[in-house]
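Below is one structure; the comments refer to it alone.
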Amino acid sequence: MGLPSFDVSMILIMVLYLLGFLNLSSAAVPNYRVHVCPNDTTYTPNSTYQVNLSYLLSSLSSNATREGGFYNATAGQTPDTSTYGLFLCRGDLSTDTCRDCVAFAATEIVRVYCPVEKVAVIWYDECMLRYSNRSIFSTMQERPGYFMWNTRNATQPDQFRRLAVSTLNDLVPRAANATSGAKKFAVKAVTNASGLQELQTLYSLVQCTPDINSSDCSTCLRKAITSLPKCGPCDGKEGGRVLSPSCNVRFETYPFYLTQSAAAPAPTPIPVLLSPARGKDKISTITIVIIVASIAVSLVIFSVSYCFLRRRARKKKPNALPEENAANEITTVESLQFDFATIEAATNKFSDDNKLGGGGFGEVYKVGITHFLLLPTMASIVVMLESYSVTLPTPEKPAFFLQGGLNQSSRPTKELESDRSSSKSIPLSVDESKITEVYPR
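In mature numbering (1 follows the signal peptide of the UniProt record, and there is no 0), the protein residues as written are -27 to -1, 1 to 414.
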């Protein structure tokens, strides 16, 4: 029983779907926070601006693997249809995580949040993406700004607030004075300080877009830090953040960034960060994807090979006579027991003298074949080669022998005149010739 046939195209579709599903599963979905897209400036679908915006977002996504975690681009030839965009990834993240966040943001911002707006900005925990119909590069922009806060209350609100503000202000020079082309990013972890519970740690982060200068970065960060105590819901909480297009600040009592620079300057033990665990998860995911992809590819190769071999075997089945039969213009090999040329010679080219009669199956001839197909055995051949004489076996009835197949009294002849007439009997002759000894060569 043969194996069931496979639909190769269906297998390929299933494999591609499986690989696509694994790819989406392996890419972590970023944590959405907030977006802004004022509706006072919009574009029409299929317009030149939409085409330029699509090209811009594609360019941002394809450049999200840069080490700096920042990139800006412009698309368009005229001021009315040009669009300007940039992205900023959190400074502690890997290029892979940055790429995933930017690609996700570039898709979702026009598909879900801002489908026709010319100006938009969206924040995730991992990155920020924004675009506009006017240039937004190298310009410090504080608005729109958003506050976010932790729901847990600090046990010592006043002392905790002062510690948070002081720690964030200490980070401002480190981020603002970064060298040209470097990330304007700084983090710090503080433990055993006034306002913290025992074994509690305060984690703080500040960051600016690298395209603004040091002065603008410092101004943006300090304004954001100063606004924290003025945020009513933020006051007295164990965590909070300020988001703006050019900078952002954040503090929490749990590690929310993945960098080794979070160690406090004090000689106290450093809390274990989350970066090792994230690395293990990533390696495990990559390993799983490689294994499953290898199995899928092997399945495709096996299926294609099986179908190819099966088709080739089908093509090799005989559908024509051998060349020697074709030369004699015979087309049905099952109906013959002899070569056509042999029969022609045996009947003296189908002479009427050898014709026995005719019927529904055609003309019938008598033949005389001596020693036809009586091939000697290998043992006989050896004897022939080693002896001076050899005796051939007595001929037996040939395969094409009709005696007994027809009643002699009713056998038709060439003198047959009607279906009811009788035929003349033809006497059988006996070959009385002698068989002499054959002298072998």
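The beta-carbon is built from N, C-alpha and C at its ideal position, and this holds for glycine as well. In this text the structure is predicted, and so the values were computed from the model without any measurement.
Drop a sphere of 10 angstroms on the beta-carbon of residue i, count the other beta-carbons inside from all chains shown, and report buried for 16 or more, exposed for fewer.
{"i": "Asp13", "result": "exposed"}
{"i": "Met351", "result": "exposed"}
{"i": "Gly205", "result": "exposed"}
{"i": "Ser278", "result": "exposed"}
{"i": "Ser257", "result": "Its pLDDT being 44, under 50, Ser257 is placed unreliably by the model, and the measurement read from it follows with that caveat. Ser257 should be labelled exposed."}
{"i": "Ile274", "result": "exposed"}
{"i": "Asp73", "result": "buried"}
{"i": "Asp189", "result": "buried"}
{"i": "Ile82", "result": "buried"}
{"i": "Leu358", "result": "exposed"}
{"i": "Asn106", "result": "buried"}
{"i": "Ile185", "result": "buried"}
{"i": "Leu282", "result": "exposed"}
{"i": "Asp85", "result": "Reading off the sequence, residue 85 comes out as Val, not Asp. Label assigned to Val85: exposed."}
{"i": "Val270", "result": "exposed"}
{"i": "Glu90", "result": "buried"}
Once you ignore the five residues that flank residue i on each side, which residues in its own chain have a CB closer than 6 Å to its CB?
{"i": "Cys71", "result": "Ala37, Gly42, Cys62"}
{"i": "Asp98", "result": "Asn4"}
{"i": "Arg125", "result": "Glu211"}
{"i": "Ser191", "result": "Val145, Ala149"}
{"i": "Ala159", "result": "Leu144, Arg147, Ala148, Val179"}
{"i": "Val7", "result": "Trp96, Tyr119"}
Tell me the residue span of the alpha helix (DSSP H) that contains residue i.
{"i": "Met357", "result": "351 to 359"}
{"i": "Leu30", "result": "21 to 35"}
DSSP three-state label for residue i, please.
{"i": "Glu307", "result": "Its pLDDT being 43, under 50, Glu307 is placed unreliably in this model, and the value from its coordinates should be taken loosely. Three-state DSSP puts Glu307 in a helix."}
{"i": "Asn45", "result": "strand"}
{"i": "Lys156", "result": "coil"}
{"i": "Cys207", "result": "coil"}
{"i": "Pro240", "result": "Since pLDDT at Pro240 reaches only 36, below the 50 mark, its modelled position is unreliable, and the value read off the structure follows with that caveat. Coil at Pro240, not helix or strand."}
{"i": "Ala76", "result": "helix"}
{"i": "Leu141", "result": "helix"}
{"i": "Arg125", "result": "coil"}
{"i": "Cys280", "result": "helix"}
{"i": "Cys87", "result": "coil"}
{"i": "Leu216", "result": "strand"}
{"i": "Pro15", "result": "According to the sequence provided, residue 15 is Thr. The question's Pro does not apply to it. Here Thr15 sits in strand by DSSP."}
{"i": "Thr315", "result": "helix"}
{"i": "Arg103", "result": "strand"}
{"i": "Asn327", "result": "helix"}
{"i": "Leu136", "result": "helix"}
{"i": "Val270", "result": "helix"}
{"i": "Phe110", "result": "coil"}
{"i": "Phe229", "result": "coil"}
{"i": "Ala166", "result": "coil"}
Would the beta-carbon of residue i fall within 7 Å of that of residue j?
{"i": "Gly64", "j": "Ala127", "result": "no"}
{"i": "Pro18", "j": "Val92", "result": "no"}
{"i": "Leu144", "j": "Lys157", "result": "no"}
{"i": "Phe60", "j": "Cys87", "result": "no"}
{"i": "Ala79", "j": "Leu30", "result": "yes"}
{"i": "Arg103", "j": "Pro218", "result": "yes"}
{"i": "Gly213", "j": "Trp96", "result": "no"}
{"i": "Ile198", "j": "Leu141", "result": "yes"}
{"i": "residue 444", "j": "Ser32", "result": "Since the first and last residues shown for the chain are -27 and 414, residue 444 lies out of range."}
{"i": "Thr21", "j": "Thr54", "result": "yes"}
{"i": "Ile109", "j": "Tyr57", "result": "yes"}
{"i": "Ser177", "j": "Phe120", "result": "no"}
{"i": "Thr226", "j": "Gln173", "result": "yes"}
{"i": "Gly168", "j": "Gln114", "result": "no"}
{"i": "Val94", "j": "Val222", "result": "no"}
{"i": "Ala48", "j": "Asn25", "result": "yes"}
The ligand SAM and residue i: does the residue's C-beta get closer than 6 Å to at least one heavy atom of that ligand?
{"i": "Leu175", "result": "This structure does not include the ligand SAM; it has no bound ligands of any sort."}
Excluding the 5 residues preceding and the 5 following residue i in the sequence, name in chain order all residues of the same chain whose CB lies nearer than 8 Å to its CB.
{"i": "Pro202", "result": "Arg134, Val138, Asp208"}
{"i": "Arg116", "result": "Ser217, Pro218"}
{"i": "Pro130", "result": "Asp208, Gly209"}
{"i": "Ala166", "result": "Leu136, Leu175"}
{"i": "Gln170", "result": "Thr128"}
For the beta strand (DSSP E) containing residue i, name the first residue and the last one.
{"i": "Leu175", "result": "174 to 181"}
{"i": "Cys193", "result": "Looking at the DSSP string, Cys193 is not in any beta strand (DSSP E); the run it does join, the alpha helix (DSSP H), is 187 to 200."}
{"i": "Ile95", "result": "93 to 97"}
{"i": "Phe224", "result": "220 to 225"}
{"i": "Gly335", "result": "335 to 338"}
{"i": "Val7", "result": "5 to 9"}
{"i": "Gly58", "result": "56 to 62"}
Please work out which residues of its chain come closer than 7 Å, Cβ to Cβ, to residue i, disregarding the five sequence neighbours upstream and downstream, and give them in chain order.
{"i": "Ser34", "result": "Val75, Ala76, Ala79"}
{"i": "Lys196", "result": "Glu115"}
{"i": "Glu336", "result": "Lys328"}
{"i": "Ser200", "result": "Val215"}
{"i": "Gln23", "result": "Tyr16"}
Between residue i and chain C, is any beta-carbon pair separated by less than 7 Å?
{"i": "Tyr97", "result": "Absent from the structure: chain C. Only one protein chain is present."}
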